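In this note's numbering, the protein residues as written are 549 to 675.
Each residue gets a CB set at the ideal place from its N, CA and C atoms; glycine is no exception.
Just so you know, these numbers come straight off a predicted model, no measurement behind them.
Beneath this line is the structure, given in structure tokens, with notes to follow.
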């Protein structure tokens, strides 16, 4: 089944890298990009988004704040925090909001477990 993935990062290059890694794993899935938390929330309101990949370090709001807002709007949506900031505190905070943690740079290998789990979760919730 085709899914729509929201990739949120204030770096265009990082969105491209994450999109390529995702395409290697799920070439049929649709990618939607947002360059800020505000843009991400706008897209969530307009489109049918199934999965979110959210950068931790963004200018107006960090990715964990955005993930908490997304979780409130879409409680069942698989969300992953993507960051080079690999600290126990960040990983723990991601888990608190029910988000997975993926280290940057995003690779298909690093993304594969999350994508497989997200696909399974979505398949089970829509059955």
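DSSP, reduced to helix, strand and coil, places residue 573 within a helical segment of the structure shown. Counting along the chain, the unbroken beta strand (DSSP E) around residue 579 starts and ends at 578 to 582.
With the rule of 3 Cβ pairs closer than 8 Å, the region 565 to 575 does not count as touching the region 588 to 597.
The beta carbon of residue 602 sits closer than 6 Å to the beta carbons of 556, 611, 614, 615, 629 from its chain, once the five residues preceding and following it are set aside; these are given in chain order. With fewer than 16 other CB atoms across the displayed protein chains lying within 10 angstroms of its CB, residue 550 is exposed. 9 Å or more divides the Cβ of residue 639 from the Cβ of residue 600. The region 608 to 637 contains, as complete alpha helix (DSSP H) runs of 4+ residues, the segments 611 to 621 (chain order). Residue 587 places its beta carbon 9 Å or farther from that of residue 563.
One alpha carbon belongs to residue 597, the other to residue 552, and they sit about 5 Å apart. Listed in chain order, the non-local C-beta contacts of residue 607 below 8 Å within the same chain comprise 558, 584, local neighbours out to five positions each way being set aside.
Assigned with DSSP and collapsed to three states, residue 554 falls in strand.
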